[in-house]
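To start, the structure under review is shown below, and the notes come after it.
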């Protein structure tokens, strides 16, 4: 039994190399053959483009108030109306993605990179390393970040983007770290990993070459969920008074502002556009994640 | 911008005097015409709302929650009330007079005044209410904040409280229905600001319990007896309070059989109103246009009895020399387009404020300068104090140093943030380089204000608001010795003749001579004119109270101080 | 097993110690406390600074903070969590109101999540890239893209205001004889629990689908299929058992996390719970409540994780208790 396991594992990792093309190239080709994934990538690129290139699409600034023109319904000059500060809602929508995408991107990266490395090490090595690392995750999962933000605010007399990023950095990785640990513990017991270690693969090689590709599916869900969660987070922080200043446009902020009965039922132009942008972003991240999983997952290939 | 205010209103708009004793005003009755024409029907359930949770203590004066106090005010009446013209009028007490030296007040309880179980209200019940307000348990252990109401009564030590159950010598029982209160000093504000709030408590229930145990006692958690129009029948903490009509209510048994207070978020309440699940609720001014389209609703708008202001730390170490010049503050007042702000922030449903009392107030001085929006005049005034326009187009200090004051605002309230943005743009238009600090937690702002005696805290300008009591008594807020003056604007320089005059006028406004209403009006007019000219802070405006209510509700008297006479409201059926 | 659980329970103590010490330090490094707002803004208190100092001293805030920490621990061991500065009520009373509401809501939501999330995910994987899979996947992604409060308002609008089927606020109906009956409580639970569960349902579905797909291609499943075992039997015997393992981890901290409360949903549905209590305490510097809520939240999360670890070990015989 042990011998057959070894040989299977060997064939598996050897198989890709024999074909002559580098694995990343193969993965790319597979990704490009997946229509949903390609559509996702195109939508995301388009969103990034209109967000970064916002000045190309509107001559209004998202942060110049106009007291004589507040709460205006849609018109030719303001296709989505204006908000209570007199900001043009279309400009807010176009520029707003900058904050949301930054937050989502940092959350995604933290979830992906720190979460995977942390969980991988913890789950692979086990024993006291695992124990120690998980106790630290316990602390971080319970880190009193609201008190921490209030503390930063009181001591440094500041608020805004910096605090938002702090929250992202503090809160986005521990859960995924713990989750990935569970995945790695399970993988550690799998035949091909035992096989790899038996034939003498080092710890890092085992983690990254053999185990990581098997987690892509789970990771794509974790990351797309992190992206979704942290777009909502901005709105939630605004709600508890720790959000961004008004001069910074964001989809979460626009949505949160319009989330009351009257706006929901009578002014869809206030909340529908940011909601669509958020859904599109997350949908495309999700399709890309699925595509990547299909492209990289060694077992899906066969 | 709406959701946040629910969490922060309590903190951001502070209450100068949260008397729940009486309401008053003279604004008008909900569909007064129909109220008289159509026959009044009895019965029905009315639902009103609080935007956030209420407190857990229902013995009068115990809770710090304004919502608990509102519910309590339906169950317990004080001895006197304010009518719709802001005048003290009869309630549980129906006759009262003063001694010639104006120090002793005599009261007579209405022979019809009863508890909701039919027992008569006696002077013993009044005495218990007085003892409670002055007890050590209430003032020290429970941290009660209404002990001041009786601190001027003879026999009350300077500590402001007595041992539990001890009655001050100034309170005398003259008979089962007569009592008197003697003051240490004659004070024209004593009756309307303080004594009206004395609230009888049921001796036969609370008299048996030591005051140290009142808090948390079953009667405190759920008072089943009361003297007000509606008596509590059930309480679900954090959610609802149900009250039924008191058939023995001294001002007449209510028409409506049951009143329910529900906690409903302001984000949702408009839907509850439209669907008829809530009978009456306060709504946001900017929703008025949409809510007027809802067929089953009426909208009422009354000005509020309060004001918001832009304050400057007059003792600021860096810019205090500029802030403390009245000319600078006058320039700021002219520079800000307040009507535009009211239109933008409150869809026009707001009232401009030009002095320390709002225009709706009975005592308002109608001849005040209204400081119309006039940037040219603002520029001229700033030029006149030597603040020249320097590099970059910004004004400098008279000595040529850069002038970049900062405005500190609290986080969580987007209306305040918008207000700050608008003010900044108006001041920049007159070349004042005002910067807005990142919004910070309200408690952090308080900490800075409380420790700013040297003027070196980061806070330089700020936005605050006050809601006022029925009586215009300026004490507590405006004297140079008042804590709330010191820790907000710090308009306290003893050498400033205007401040000396301010203290003198305030003193005169409540002395013995002020028992003459014309004298009191004249003094308060002078005082308002002084503050209107000096502008110790830049008075801005206040949002109006906007109430939406179902068309089947009739007879509500809407006033700046609340909705009066719930016993006269009634619900029509078949709507 | 028992000794493992005991060891892990003891292991919670240092973690709780560190968490509470962090909260304690942060609180005491911040200037000011709740009394400034409560007393400093009362125009009728003559010497506010003195009263604030007195109340601060009475609350024990003048002691050195290690001393305060020790006092807090001693009180805690006596079941005393202190008195809220803001509400002047024992913290245990406040938590006694909030915690049961939150736990009820969290458990109901968790039940909905498991009942819907796991089967849907497995069926999606079983018919991967077929109509059912694609349509439900799209719905799932949509559900977790839109913030919960948007759904909350939409559900209230639909089921309460328009159809009038379900109550929009509270845990019980006010002022009716049947107030607080089981049926009454369940009616009130439906909307908030559904709203709280929706994003997680989507998340579990996605996770379950990904896990199941991964397991499908494992050798033993292929072997089982090759041996001719019926696919439903394979699905339940071999696939589900293995695919569900990572979910248990998630389930573990979800239990803890949901108990932390959802401030916005609590406000929209008037569901007096831990979320609002916690946030209010934080914003108002109500230290005893901050400490108590942090502690309860931490204990819940840690127990949830412990529970997940035990599940993980008991479901997967290859994972040892070590």
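Residue numbers (my numbering), protein chains in the order written: chain E, 1 to 302; chain Y, 303 to 877; chain A, 878 to 1199.
In this text, a Cβ means the ideal position worked out from N, Cα and C, and glycines have one as well.
Cβ distance (whole Å) where residue i is taken to contact residue j below 8 Å
i: residue 1083 (chain A); j: residue 1017 (chain A); result: 6 Å
i: residue 155 (chain E); j: residue 906 (chain A); result: 7 Å
i: residue 841 (chain Y); j: residue 657 (chain Y); result: 6 Å
i: residue 762 (chain Y); j: residue 687 (chain Y); result: The Cβ separation is near 18 Å, so there is no contact.
i: residue 445 (chain Y); j: residue 435 (chain Y); result: About 14 Å separates the two Cβ atoms, so there is no contact after all.
i: residue 278 (chain E); j: residue 1022 (chain A); result: 6 Å
i: residue 114 (chain E); j: residue 121 (chain E); result: Actually they do not touch by this definition, with Cβ atoms about 11 Å apart.
Those residues which DSSP pairs with residue i across a bridge
i: residue 547 (chain Y); result: Y:532
i: residue 779 (chain Y); result: Beta-bridge pairing links residue 779 (chain Y) to no other residue.
i: residue 455 (chain Y); result: Y:485
i: residue 840 (chain Y); result: Y:612
i: residue 1034 (chain A); result: Partner(s): none; residue 1034 (chain A) has no beta bridge.
i: residue 33 (chain E); result: Residue 33 (chain E) is not bridged to any residue.
i: residue 582 (chain Y); result: Y:350, Y:851
i: residue 704 (chain Y); result: Y:698
Residue i versus residue j: straight-line alpha-carbon distance, rounded
i: residue 1161 (chain A); j: residue 206 (chain E); result: 50 Å
i: residue 85 (chain E); j: residue 250 (chain E); result: 14 Å
i: residue 768 (chain Y); j: residue 995 (chain A); result: 55 Å
i: residue 604 (chain Y); j: residue 664 (chain Y); result: 14 Å
i: residue 1052 (chain A); j: residue 544 (chain Y); result: 6 Å
i: residue 229 (chain E); j: residue 525 (chain Y); result: 45 Å
i: residue 328 (chain E); j: residue 203 (chain E); result: In this structure chain E extends from 1 to 302, so residue 328 (chain E) is not present and cannot be described.
i: residue 247 (chain E); j: residue 364 (chain Y); result: 42 Å
i: residue 95 (chain E); j: residue 733 (chain Y); result: 29 Å
i: residue 565 (chain Y); j: residue 354 (chain Y); result: 6 Å
i: residue 285 (chain E); j: residue 1091 (chain A); result: 20 Å
i: residue 863 (chain Y); j: residue 772 (chain Y); result: 7 Å
i: residue 661 (chain Y); j: residue 667 (chain Y); result: 8 Å
i: residue 51 (chain E); j: residue 254 (chain E); result: 15 Å
i: residue 473 (chain Y); j: residue 466 (chain Y); result: 15 Å
i: residue 817 (chain Y); j: residue 403 (chain Y); result: 11 Å
i: residue 962 (chain A); j: residue 223 (chain E); result: 41 Å
i: residue 1004 (chain A); j: residue 1108 (chain A); result: 12 Å
i: residue 634 (chain Y); j: residue 680 (chain Y); result: 7 Å
i: residue 414 (chain Y); j: residue 362 (chain Y); result: 22 Å
i: residue 1027 (chain A); j: residue 1037 (chain A); result: 15 Å
i: residue 585 (chain Y); j: residue 572 (chain Y); result: 7 Å
i: residue 316 (chain Y); j: residue 918 (chain A); result: Interpretation of residue 316 (chain Y) is limited by its pLDDT of 37, a score under 50 that renders its predicted location unreliable; the figure taken from the coordinates is listed afterwards. About 7 Å.
Buried versus exposed, by CB contacts within 10 Å (16 or more), residue i
i: residue 321 (chain Y); result: At residue 321 (chain Y), the pLDDT of 31 sits below 50, so the modelled position is not reliable and the matter cannot be decided from this model.
i: residue 674 (chain Y); result: exposed
i: residue 555 (chain Y); result: exposed
i: residue 1044 (chain A); result: buried
i: residue 897 (chain A); result: buried
i: residue 490 (chain Y); result: buried
i: residue 429 (chain Y); result: buried
i: residue 755 (chain Y); result: exposed
i: residue 615 (chain Y); result: buried
i: residue 511 (chain Y); result: exposed
i: residue 438 (chain Y); result: buried
i: residue 1042 (chain A); result: exposed
_Under 7 Å (Cβ pairs) to chain D, residues found in the stretch 1156-1182 of chain A_ = Within the model displayed, chain D is absent; protein chains E, Y and A are what it includes.
_Stretch-stretch touch, CB-based, cutoff 8 Å, three pairs: the stretch 385-398 of chain Y with the stretch 505-525 of chain Y_ = no
*Using 8 Å as the Cβ pair cut-off and three pairs as the minimum, do the stretch 646-657 of chain Y and the stretch 843-854 of chain Y touch?*
yes
*Does the stretch 60-69 of chain E come close enough to the stretch 717-727 of chain Y that 3 or more CB-CB pairs lie under 8 Å?*
yes
*Stretch-stretch touch, CB-based, cutoff 8 Å, three pairs: the stretch 854-871 of chain Y with the stretch 375-390 of chain Y*: The stretch 375-390 of chain Y and the stretch 854-871 of chain Y touch, with three or more beta-carbon pairs separated by less than 8 Å.
*contact_flag[the stretch 530-550 of chain Y, the stretch 1142-1154 of chain A] where n(CB pairs < 8 Å) is 3 or more*: Proximity of the stretch 530-550 of chain Y to the stretch 1142-1154 of chain A meets the contact definition, three or more beta-carbon pairs being nearer than 8 Å.
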